[in-house]
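Okay, structure first, notes after.
Number of protein chains: 2
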Amino acid sequence: MLNQSAEYGLRAAVHLATLPDDEHASASDISERTKVPIPYLQKVLRTLTRAGVLKARRGMGGGFSLAKASNEITVLEILDAFDSSPQRIEKCPLGISGHTRLCPLHSLIDEQVANAVQIFATTTIRDILDTQSDIKPLCESQARVTLGLPTDKQTG
Amino acid sequence: MLNQSAEYGLRAAVHLATLPDDEHASASDISERTKVPIPYLQKVLRTLTRAGVLKARRGMGGGFSLAKASNEITVLEILDAFDSSPQRIEKCPLGISGHTRLCPLHSLIDEQVANAVQIFATTTIRDILDTQSDIKPLCESQARVTLGLPTDKQTG
DNA sequence: GCATAAGTGGACAGTCAACTCCACTTATGG
DNA sequence: CCATAAGTGGAGTTGACTGTCCACTTATGC
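Heads up: the sequence lines are chains B and E, in that order. Heads up: the first sequence is residues 1 to 156, going by the numbering used here. Heads up: the second sequence is residues 157 to 312, going by the numbering used here.
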């Protein structure tokens, strides 16, 4: 569905959204919380910064924070930063002339893509945090405590 | 959404489904109709044959045909042959213990996947051919006539 | 203003999907 | 039974994505 970078980017954004508004988190803080290898995470964070999703601050006490309010950052926006938003089928993949719309085969596929894109475009990071669930995104506060024995169980 | 092989495999299956029941089409016939490079298509066809979607017949007059009725071949089945069915998220990608379900972030994504999988699992090749549309899958019969100048226009 | 914390940029290595080739096998038909 | 049509198997190439490293720049704070 989406590539590794996008998955990591989402985790980072969700984590940053849980922080008090003007607080920064360093790459290694985020890495711990999101379980993403630091070197790769740094690259991901840079990408999100260039895309205008995050703000970076250098130097001591620096780090990353959201560039706008969490309800102004859509999931799609983050996927796009990593070329990972599901691709709509714009025109016939066979490139045959004479038709102006997709045939049933490609319509079927494109419809599924369209559905997903629509949801991702209208869901913000805030929405994710606001979702009613006993499981918090990235396992939030409890995570640190239970972290001793990382098992492969179902989580979130 | 799906990889190239799966896209090619779907085209081939749809094309074969338009042929009279016991008729075979050679790889190069299918290549022409589906606009897929022959060498790669051959590999795709082999994969579908091994997966039990197609039957192959060697020697002169041989070729490929569907291994079962077109209404018994689902889109998902073909995607699966190429490891291209959208992957459900089974367990927390962060691998944190203590939770038994997905967190809101991963639920959101998994829901989109689930939707698509559900549709693909219940749509057969026959359904695609039966879809009401003035545009036929792979541009069917008219295609050969207009094929002289392949332009990049919208089709299906 | 120097030591140190922290982000930046870009180069580099591994893996996998996309795609190509070719030598081999099977079957038909004259 | 030989020439030829057609599928099979597997090796090889390229390029994108994943992931790592390091030298460099910026900012803080003592």
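Using N, Cα and C, we set each Cβ at its ideal position, and we do this for glycine too.
Determine the DSSP secondary structure at residue i, reduced to helix, strand or coil.
i: B:S65; result: strand
i: B:A25; result: strand
i: E:L210; result: strand
i: E:R244; result: coil
i: E:Q160; result: helix
i: E:L175; result: coil
i: B:T34; result: helix
i: E:G165; result: helix
i: B:T47; result: helix
With a threshold of 8 angstroms between beta-carbons, can residue i be considered close to chain B, or not?
i: E:S182; result: no
i: E:T230; result: no
i: E:S289; result: yes
i: E:V200; result: no
i: E:T278; result: no
i: E:M216; result: no
Which term fits residue i, buried or exposed, when burial requires 16 or more other beta carbons within 10 angstroms of its beta carbon?
i: B:P20; result: exposed
i: E:T278; result: exposed
i: B:I38; result: exposed
i: B:P150; result: Residue placement at B:P150 is flagged as unreliable, the pLDDT there being 31, under the threshold of 50; the coordinate-derived value follows with that caveat. B:P150 should be labelled exposed.
i: E:R213; result: exposed
i: B:E72; result: exposed
i: E:T190; result: buried
i: E:S187; result: buried
i: E:Y164; result: buried
i: E:S184; result: exposed
i: B:G59; result: exposed
i: B:R11; result: buried
i: B:E90; result: exposed
i: E:Q160; result: exposed
i: B:E77; result: buried
List the residues that DSSP assigns as beta-bridge partners of residue i.
i: E:T230; result: E:T280
Does chain E have any CB closer than 8 angstroms to the CB of residue i?
i: B:R126; result: no
i: B:G9; result: no
i: B:V14; result: yes
i: B:G52; result: no
i: B:I30; result: no
i: B:A17; result: no
i: B:L41; result: no
i: B:N115; result: yes
i: B:L48; result: no
i: B:L66; result: no
i: B:K55; result: no
Any chance the CB of residue i is under 7 angstroms from a heavy atom of the ligand GDP?
i: B:N115; result: As presented, the structure is devoid of all ligands, the ligand GDP included, so that no description of it is given.
Handout entry: Completely contained alpha helix (DSSP H) runs for the region 247 to 285 of chain E, where each covers 4 or more residues
Key = Runs found: 260 to 278.
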